[in-house]
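Under this note's numbering, the first residue of the sequence shown carries the number 3, and numbering increases by one thereafter.
To start, the structure under review is shown below, and the notes come after it.
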Amino acid sequence: MSTGFKNSKMWNVTKIPLLLPTSAPSDRLLQPLWDYVRFNHYTLVSSPFFPVLLAFSGYFSFSIPFTFLDLLGEKVPCFHHYKIQKERRPTMQMMMRSFGRAIYNHVVFVVPAVLLNSYIMPMPPLPSLAPTVLELFSGWLGTMLLFDTQYFIWHMVHHKNRQLYKWVHAIHHDYMAPFSWSTQHLSPIELMTVGFWSNLDPIMLKCYPLTTWFTTVVSIWMSVEDHIGYDLPWALNHLVPFGLYGGAPAHDMHHQKPNNNYAPFFSHWDRIFGTATAVDRETQKYLKLKEQ
3 MSTGFKNSKM WNVTKIPLLL PTSAPSDRLL QPLWDYVRFN HYTLVSSPFF PVLLAFSGYF
63 SFSIPFTFLD LLGEKVPCFH HYKIQKERRP TMQMMMRSFG RAIYNHVVFV VPAVLLNSYI
123 MPMPPLPSLA PTVLELFSGW LGTMLLFDTQ YFIWHMVHHK NRQLYKWVHA IHHDYMAPFS
183 WSTQHLSPIE LMTVGFWSNL DPIMLKCYPL TTWFTTVVSI WMSVEDHIGY DLPWALNHLV
243 PFGLYGGAPA HDMHHQKPNN NYAPFFSHWD RIFGTATAVD RETQKYLKLK EQ
């Protein structure tokens with residue numbers, strides 16, 4: 003038995019014919035991309051570690067630019083002007099501490115969990131069809147809204163219960179002014195909870211693998227953007243209308259005043275439960291007082 007065949011059995015790789023590009027005409031715009039991925043990178047994308055690699059590399063890549071902005075500070079006034087808490091600048095030591103915690107959590111907790119899960123519930127073969135653009139977008143939006151609801155409830159409960167907050171969530175509030183690397187400054191329990199929902203929700207909504215990977219990359223970007231500490235004019239909170247997306251200002255206010263803005267991304271649950279802070283007014287007032 004060849005090594006390649008053994009590896010395919012280990013990772014539950016589908017049969018060889020499914021590796022061939024789709025030859026029949028298709029009205030799916032994403033089909034050429036999907037065929038390219040399956041045909042050229044099947045070993046990588048069929049590995050149970052691919053979602054973890056995708057999420058962690060996204061966290062690392064998206065955080066790098068803001069590392070330079072934070073370290074340069076006033077030397078880049080065109081960006082520093084948008085920093086929400088100008089008097090609180092993260093140091094390299096703080097960044098390395100958060101990054102080190104993220105690595106530790108993944109090596110000690112995430113990797114063993116992936117190995118156990120792949121043994122109990124092997125990954126299914128990749129489908130031959132790509133999602134339509136509508137299926138990709140609707141799957142992403144549905145997954146994000148479901149996760150937003152789950153984390154809002156979890157987050158609020160942990161802030162209301164002193165013991166849960168102390169033992170599970172308090173680590174994330176080590177810093178009053180969040181920065182990009184603090185996105186994954188989490189306790190193992192919180193990281194595993196977030197990871198559980200991130201893996202379960204696309205399965206519940208029957209998303210295509212391509213939709214799941216797209217959701218992973220976009221959600222990691224949204225999470226990092228929430229923590230950058232800059233209210234950039236081109237950020238998502240300025241692009242999404244009607245204040246439906248909180249973004250960095252909302253989460254920054256949560257770190258300043260922890261009993262508000264519990265939702266990770268959108269603002270509707272905080273509005274419904276009365277935990278939303280008037281982000282723009284409060285932030286501008288806070289900055290004006292600090293600049294006087």
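All C-beta atoms in this analysis are idealised placements derived from N, C-alpha and C, irrespective of residue type, glycine included.
query: Measure the C-alpha to C-alpha separation of Leu246 and His270 and round it to an integer number of angstroms.; result: 7 Å
query: Would a C-beta distance cut-off of 7 Å place Leu234 and Gly249 closer than the cut-off?; result: no
query: Whose C-alpha, out of Tyr177, Leu207, Ser225 and Met224, is nearest the C-alpha of His257?; result: Tyr177
query: Mapping DSSP to helix, strand and coil, what is Asn119?; result: helix
query: Determine which residues share a DSSP beta bridge with Tyr232 and list them.; result: Lys85
query: DSSP three-state label for Tyr247, please.; result: strand
query: Measure the beta-carbon distance from Asp228 to Gln87 and round it to whole angstroms, keeping in mind my assumption that it falls under 8 Å.; result: Rounded, the Cβ-Cβ distance is 14 Å, inconsistent with contact.
query: Looking at the strands, I want to know which residues DSSP matches up with Phe268.; result: Tyr247
query: Of the choices Ser184, Gln152 and Gly197, whose alpha-carbon is the least far from that of Ile66?; result: Ser184
query: Find the nearest neighbour of Val159 within the set Met146, Leu117 and Asn262, judged by alpha-carbon distance.; result: Asn262
query: Just checking, does the segment 93–112 make contact with the segment 28–41 on the three C-beta pairs under 8 Å criterion?; result: no
query: Please say whether Pro190 and Gly231 have beta carbons closer to each other than 7 Å?; result: no
query: Using C-beta distances below 8 Å, list every residue in its chain close to Ser4, excluding the 5 sequence neighbours before and after it, in chain order.; result: With a pLDDT of 42 at Ser4, under the threshold of 50, the modelled position of that residue is not reliable, and no figure is offered here.
query: Around the C-beta of Ile274, are 16 or more other C-beta atoms found within 10 angstroms, so that it is buried, or is it exposed?; result: exposed
query: Going by the CB atoms, is the gap between Gly75 and His82 shorter than 7 Å?; result: yes
query: Let me know the secondary structure DSSP gives Phe51 once reduced to three states.; result: coil
query: With distances taken Cα to Cα, identify the nearest neighbour of Gly141 among Pro79, Leu117, Ile205 and Ala172.; result: Ile205
query: Considering only residues of the same chain and omitting the five flanking positions on each side of Gly144, which have a CB-CB separation below 6 Å?; result: Leu207
query: Do the CB positions of Ala132 and Leu56 come within less than 7 Å of each other?; result: no
query: Span of the alpha helix (DSSP H) holding Asn263?; result: Element bounds for Asn263: n/a, residue is neither H nor E.
query: Helix, strand or coil for Gly276, going by three-state DSSP, please let me know.; result: coil
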